[in-house]
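In the numbering used here, the protein residues as written are 60 to 903.
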């Protein structure tokens, strides 16, 4: 959290270390994290700098030289003498190492100390000094403002944190919706977030219709300010609270919570809005922003809005929401106001909300579609399947998973005035209305529904568990009696083939030709081609997916698209292209709010590192992902990541548990290569081939041999099978069974050459050379063992890594390298690598 701000401070310190003094003012509202950021920055310095720190307090701001005495031990007769002595003191200190002056809450610092500091700063010779101050106001302390106009001085503004950072702050398994609600309610102020969490629970956070609490201090503050307002001003403020609550975004360049003064005045029925606004501004309740389209207003800080909204009472709130619904032209806003105006929403309103959500989905507006459909699904089962789809397309799989669990649970199927049972084998209307009503009798019979099976199938497809998806969708079809849902079931009942996914994207449910649909089509086609060995097709679809992703802009699906596009280039040794896609995936996911966004970039970078035979990098890249999934790191396990990476829906097989991108296989394989078997035990079970490697590393020879045989027979994906054959051949060679090893390695090499997987084919050739089964006489004139060692040196491996790869001692590797040096007439690893490449090139 605040990594960019820390980087900015580190850059300023580096400039100061080079002799360019700097002044940084960190500013932002109370509770935003200024003091925390300052402490974190100082902690990164260790012994690199001489740190002089002090915190100013309001009660001591009248004490002359208070801050100066604490930072430099100075208390002379006048501030100018103090400034001169401070300058001399800084000159002495910076001669040994850079100096960092830190003053927290500098707006409370005594004026004499600030004058002395400004005097000294203006007279600093080129010095290695950095001053960092914090203040809620970017223009306080006033005496330092002239210095902040200089080239080497900056104001560093802190704003509210985002949903992604809320989880790190709270250490709670919050969904993105819950974290987003907290951010909207508090403006992302960390202190306010923690205060709100003390008075609420996760269930309330998950339901957008339940107002979040306002801590007592802020409620009292709002009421005190309202007490000074006239009735018109109070009415205007209350109208602003209703219009600015958690309703669909207004757009038009408005910031969160901003509303039009004209709309608020009309809702408040205020005849002189400017006069009322002036009162609200004077009371510190509202702030204004003039625009070409009129004045926009918002609350001075978000918790004031919550306090005013709740203080109105339910009668006035419902009345104002009903009026607001008649004043807006935005369909989503109108429906949400009507929903908040209803004591108990009727079926017609729920149908209208669901219909609006489906229209948003058809337009590719997945955020709004998911919002509307999820609200409708809380009240009625019928829109549930649509909501699951929309939540997935909006990058919120944990919420989709939770909704699918509700749809698929054995639920009561009654409705007031109807029979308690639905027709056997179908999803009758009774079950639909009972979903949101909560009025069914506990004694009523329980049934399974087509909606729940459909949702389970959609989630399984999303996670890459094709067999489970097909089975769930077949069950849904057998139970379904609604033509519209039948069409959706048929569309999703496909294998991960490009043609099938095109059919899926064209289905009547609304995803049609939207950019996310085109993106998913290309991504899934590329991934299917990669897994099934059609790499040219996979590469072409990957490039298409990347192009669509660049059009779509930053989101979790765009990051995922570039990650998938990197797979074929990395496996073929096209480091530049693979690296570009991996970096694009990382960049696109950097600001994404969906936790699933971290999986694709991490997997892409790790896949590239694995292709380059850098297991240490693979471990470094994927261990944080393991911590996120298992909850063993500093941040609790993410429900979104758990659903995406290690799904736990019933019936998933061990192979299906690998997930859409089998990052656990890469991590486990790298840990085995590095000999870290203790940590390997913490990784979720990998593919059969990787598990066979683990048995071999644990010296379970017979079990490993049987596991390799089974893996080679069962693994259907060509690249996975080729790598399993390579690992099996290496295992047999280390047992001394060179002929049997060569048989496996030759079969692996044929497939790897067909795929043009150059890095892996080279490893296979090295293993064959170690078996004495080279395709031709070594162009270097070396023995098979010497040639194998030389090839690995040229690949950049250390002696210890070579020893582990060829099952030799480090001393033996050193001996072979010395013999190669003598044979080639070289004396360094660089010269050896150049010789290997030159001889190999002339041979080819």
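Don't be surprised by glycine CBs; every beta carbon is placed ideally from N, CA and C.
Between the CA atoms of residue 215 and residue 114 - distance to the nearest angstrom: 18 Å
Endpoints, the alpha helix (DSSP H) within which residue 426 is located: 425-438
Where residue 601 falls, given that 16 or more other Cβ within 10 Å makes a residue buried: Buried, since its Cβ has 16 or more Cβ neighbours within 10 Å.
Stretch pair the segment 866-885 + the segment 746-765: three plus CB contacts closer than 8 Å: no
Continuous beta strand (DSSP E) assignments of at least 3 residues falling wholly in the segment 173-207: 188-194
Beta-bridge pairing of residue 86 - partner residues as DSSP gives them: 194 and 216, per the DSSP bridge assignment.
Residues bridged to residue 319 (per DSSP): Beta-bridge pairing links residue 319 to 355.
Cutoff 7 Å; reference residue 763; Cβ partners in own chain excluding five residues on either side: Setting aside the 5 residues that flank it on each side, residue 763 is surrounded in the same chain by 751, 754, 755 and 790, each with a C-beta closer than 7 Å to its C-beta; the list follows chain order.
CA-to-CA distance, residue 323 to residue 380, given in whole angstroms: 12 Å
Among 149, 168, 401 and 446, the one whose alpha carbon lies nearest that of residue 425: 446
Check whether residue 519 and residue 528 have beta carbons under 8 Å apart: yes
Pairwise C-alpha distance: residue 463 and residue 517: Looking at the two C-alpha atoms, the distance is approximately 9 Å.
Residue environment, residue 139, which counts as buried when at least 16 other CB atoms sit within 10 Å: With fewer than 16 other Cβ atoms inside 10 Å of its own Cβ, residue 139 counts as exposed.
The segment 360-374 in contact with the segment 298-305 per 3-pair CB rule at 8 Å: yes
Cβ neighbours of residue 82 in the same chain (closer than 6 Å, five flanking residues each side left out): If we look at residue 82 and ignore the five residues flanking it on each side, its Cβ neighbours are 190, 206 and 212.
Integer Cβ distance of residue 416 from residue 466, believed to fall under 8 Å: Residue 416 to residue 466, Cβ: 16 Å. No contact.
Residue 157 beta carbon less than 8 Å from that of residue 102: no
Residue nearest to residue 926 in terms of C-alpha spacing, selected from 152, 95, 90 and 171: Here the chain covers residues 60 to 903 and nothing more, so residue 926 does not appear.
Every unbroken alpha helix (DSSP H) within the segment 759-841, with a cutoff of 4 residues, ordered by chain: 760-773, 777-793, 797-814 and 817-829
The beta strand (DSSP E) enclosing residue 346, as first and last residue numbers: Segment 345-350, the beta strand (DSSP E) holding residue 346.
Residue burial classification, residue 869 (beta-carbon count within 10 angstroms, cutoff 16): exposed
Member of 221, 636 and 444 whose CA lies at the smallest distance from the CA of residue 545: 444
Within-8 Å CB hit, residue 599 to chain D: This model lacks chain D altogether, as it is built from one protein chain only.
With 16 other Cβ atoms within 10 Å as the buried cut-off, status of residue 123: exposed
For residue 104 and residue 159, believed in contact at Cβ under 8 Å, the rounded distance: 6 Å
Nearest to residue 879 (by Cα), restricted to the options 850, 232 and 731: 850
Nonlocal neighbours in the same chain, by C-beta distance under 8 Å from residue 78, ignoring five residues either side: 185, 186 and 187, listed in sequence order.
Contact belief for residue 814 with residue 785 at Cβ below 8 Å, rounded distance in angstroms: Rounded, the Cβ-Cβ distance is 12 Å, inconsistent with contact.
For residue 579 and residue 607, the rounded distance between their alpha carbons: 10 Å
Buried versus exposed call for residue 194 [16 or more other C-beta atoms within 10 Å across all chains shown]: Around the C-beta of residue 194, 16 or more other C-beta atoms lie within 10 Å, and the residue is accordingly described as buried.
With 16 other Cβ atoms within 10 Å as the buried cut-off, status of residue 876: buried
As assigned by DSSP and simplified to three states, the class of residue 81: It is a strand residue.
Contact the segment 272-291 vs the segment 347-356: 3+ CB pairs below 8 Å: The segment 272-291 is not in contact with the segment 347-356.
Three-state class that DSSP yields for residue 380 in the structure shown: Under the three-state reduction of DSSP, residue 380 is assigned to helix.
Residue of 549, 543 and 541 minimising C-alpha distance to residue 531: Nearest of 549, 543 and 541 to residue 531, Cα basis: 549.
Alpha-carbon to alpha-carbon, residue 665 and residue 731: 15 Å
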